[in-house]
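Going letter by letter, the sequence shown gives residues -7 to 129 in my numbering. C-beta atoms are modelled at their ideal positions from N, C-alpha and C, and glycine is treated no differently. For reference, the structure discussed in these notes is given below.
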Amino acid sequence: MTHDALYDEELDTSIGDDDETSIEQDEHHLSAPLNEEAEWPAEESPYPVHEQPQADTGFEAPDPIDQLSIDLTLRCGSLNLTLGDLRRIAAGTVLEVSGVMPGFATLCHGERVVAEGELVDVDGRLGLQILRMASPA
């Protein structure tokens, strides 16, 4: 078949009402956005897929050292008594304590101060609200 034979057919150039409708439909079809995901199959990469690093949530896996238990003491002041004064202490005796303001205490590990805070009520029990952390040595 020659190229000339392809063009020998006469084209129907008359446009009727039905043809206008089909042209409008064709134009609408051509102007509609293509859904690329539906048209093209997803390509599979020949390379291994590595998971993306997770966003920093502020939560880190616990360090095993964080599970160690340590004994702490609360110090609410100090006093110095003679042995005679100590022997005379009885229920109802009031001792004057120095070193810390009333209602405050120091959190210690051994002789080292860890924090200072205010004594508070926690559901009927004594608690310490931390007000200041000690500077690291």
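Asked, Found
"Can you say whether residue 98 is buried or exposed, counting buried as having 16 or more other CB atoms within 10 angstroms of its CB?", "buried"
"Does the distance from the CB of residue 67 to the CB of residue 92 come in under 9 Å?", "yes"
"Please specify which runs of the beta strand (DSSP E), each continuous and at least 3 residues long, are wholly inside the stretch 63 to 129, giving them in chain order.", "65 to 67, 96 to 101, 104 to 114, 117 to 125"
"So the candidates are 126, 127, 111; which of them puts its Cα closest to the Cα of residue 120?", "111"
"Alpha carbon to alpha carbon, how far is residue 126 from residue 76?", "37 Å"
"May I ask you to report which of helix, strand or coil DSSP gives residue 58?", "helix"
"Leaving out five residues before and five after residue 113 in sequence, what residues of the same chain have Cβ atoms less than 6 Å from its Cβ?", "none"
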